[in-house]
Amino acid sequence: MVEPRPPWDDGLQNERTTLAWIRTSLSLVAVGTFAGKQSGSNRTFAVLLLVVVATAATMIVAAERRHHERSHHLEAGRPIVSLPAVTLTATSAVGLALVSAVVVLT
Amino acid sequence: MRERWQWARRLEAEGTEPDPRFTFANERTFLAWIRTSLALMAAGIGVEALVTDLPGWGRRSLAGFLVFLGGLLASFAFRRWFRSELALRRATALPTNQLAPVIAYGLSTGAALAIVLIVIG
């Protein structure tokens, strides 16, 4: 028996969520860049920039891939929760806070 | 379907899969809190970078406080997301919002600190 599609459009919520992931990745890059610039050391700046851009790029690629997978999962009624992605994001934010704390306190 | 990691599966196995709208909403709420925490970190760095009227120790304590608040919010945001996801799956009440008081009182404290520093600096 085929489940009737819910009255709301699966695609819209999926898209909003993916956009939120992209916005968050970009905010991560912005803050990482600012912290790196403020550190006063070109090497710290370069390393930090590299790390946040690599993280953000990974997050964005993964978000797009999950967006695609989710539309299939939604059709099939499979789970769409993304624990690894959320964990990575929270860890990156806390890590960036620690780096920023060092930058502003020294 | 792509094989996912064992620890990620544990969450999926818990309770029953909620209406996807709630999972999406929970995820977006988490991301919004993370962006808020990042904004606080940026504010802290901004204080360190741009404020010239305050003494060095004053600037650093305000900046450090804001960055600390940002980091605190990020960890709270994860906790809230996880507990909310569990509550959705178990069909129990969502956890009380402990993030809003943290940012509200935190920012008020930060503002008070800034005022004190400006007055005595």
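Quick mapping for you: the protein sequence lines, in order, are chains A and B.
So the first sequence is numbered by our numbering: it starts at 1322 and just counts up by one.
So the second sequence is numbered by our numbering: it starts at 26 and just counts up by one.
Glycine included, every Cβ here is placed at the ideal spot set by N, Cα and C.
1) Given a cut-off of 8 Å on the beta-carbon distance, is the pair Arg-114 of chain B and Thr-41 of chain B in contact?
2) Applying the criterion that 16 or more other CB atoms from any shown protein chain within 10 Å of the CB defines a buried residue, is Val-1402 of chain A buried or exposed?
3) Would you say the segment 1405 to 1419 of chain A touches the segment 81 to 88 of chain B, given that touching needs at least three Cβ pairs under 8 Å?
4) Gly-95 of chain B touches chain A at which residues, Cβ-Cβ below 7 Å?
5) By Cβ distance, which residues of its chain are closer than 6 Å to Ser-1346 of chain A, with the 5 residues on each side in sequence left out?
6) Are the CB atoms of Glu-37 of chain B and Pro-1400 of chain A within a distance shorter than 8 Å?
7) May I ask you to report which of helix, strand or coil DSSP gives Ala-118 of chain B?
8) Strictly below 7 Å CB to CB, what residues from chain B border Thr-1345 of chain A?
9) Determine the closest residue to Gly-1353 of chain A out of A:Leu-1419, A:Leu-1340 and A:Glu-1390, with distance taken between C-alpha atoms.
10) When the Cα atoms are used, what is the spatial distance from Leu-124 of chain B to Gly-135 of chain B?
11) Find the residues of chain A that neighbour Trp-82 of chain B, judging by a C-beta separation of less than 8 Å, and give them in chain order.
12) Can you find a heavy atom of the ligand FMN that lies under 7 Å from the Cβ of Thr-1365 of chain A?
13) Taking all protein chains shown into account, decide if Asn-1363 of chain A is buried (16 or more other Cβ within 10 angstroms of its Cβ) or exposed.
14) With distance defined between alpha-carbon atoms, name the residue in B:Gly-96, B:Pro-43, B:Ser-86 and B:Phe-101 nearest to Val-141 of chain B.
15) Could you tell me whether the Cβ of Phe-47 of chain B comes closer than 8 Å to any Cβ of chain A?
16) For Gly-1361 of chain A versus Leu-1369 of chain A, is the C-beta distance shorter than 8 Å?
17) So what does DSSP say about Pro-126 of chain B, is it helix, strand or coil?
18) Does DSSP classify Glu-110 of chain B as helix, strand or coil?
19) How close, in whole Å, do the beta carbons of Val-127 of chain B and Leu-91 of chain B come, if the pair is a contact with beta carbons under 8 Å?
The answer reads as follows:
1) Going by C-beta atoms, Arg-114 of chain B is nearer than 8 Å to Thr-41 of chain B.
2) Here Val-1402 of chain A is buried, its C-beta having at least 16 other C-beta atoms within 10 Å.
3) For the pair of segments examined, the segment 1405 to 1419 of chain A was found not to touch the segment 81 to 88 of chain B: the number of CB pairs separated by less than 8 Å stays below three.
4) Within chain A, the residues placing a beta-carbon under 7 Å from that of Gly-95 of chain B are Ala-1418, ordered along the chain.
5) Ala-1377, Met-1380 and Ile-1381.
6) Yes. Within cutoff.
7) Reduced to three states, the DSSP call for Ala-118 of chain B is coil.
8) Those are Leu-56, Ile-59 and Arg-60, listed as they occur along chain B.
9) Distances from the alpha-carbon of Gly-1353 of chain A to those of A:Leu-1419, A:Leu-1340 and A:Glu-1390 put A:Leu-1419 closest.
10) Approximately 16 Å between the Cα atoms of the pair.
11) Neighbours of Trp-82 of chain B across chain A, judged by C-beta separation under 8 Å, do not exist; the nearest C-beta is about 10 Å away.
12) Absence of the ligand FMN from the depicted structure is noted, as is the absence of any ligand whatsoever, leaving it without description.
13) Asn-1363 of chain A should be labelled exposed.
14) It is B:Ser-86 whose Cα lies nearest to the Cα of Val-141 of chain B.
15) The beta carbon of Phe-47 of chain B sits no closer than 8 Å to any beta carbon of chain A.
16) Using a Cβ distance threshold of 8 Å, Gly-1361 of chain A and Leu-1369 of chain A do not count as a contacting pair.
17) Pro-126 of chain B: helix per DSSP, three-state reduction.
18) Looking at Glu-110 of chain B - three-state DSSP - the assignment turns out to be helix.
19) No, Val-127 of chain B and Leu-91 of chain B are not in contact; Cβ-Cβ is about 13 Å, not under 8 Å.
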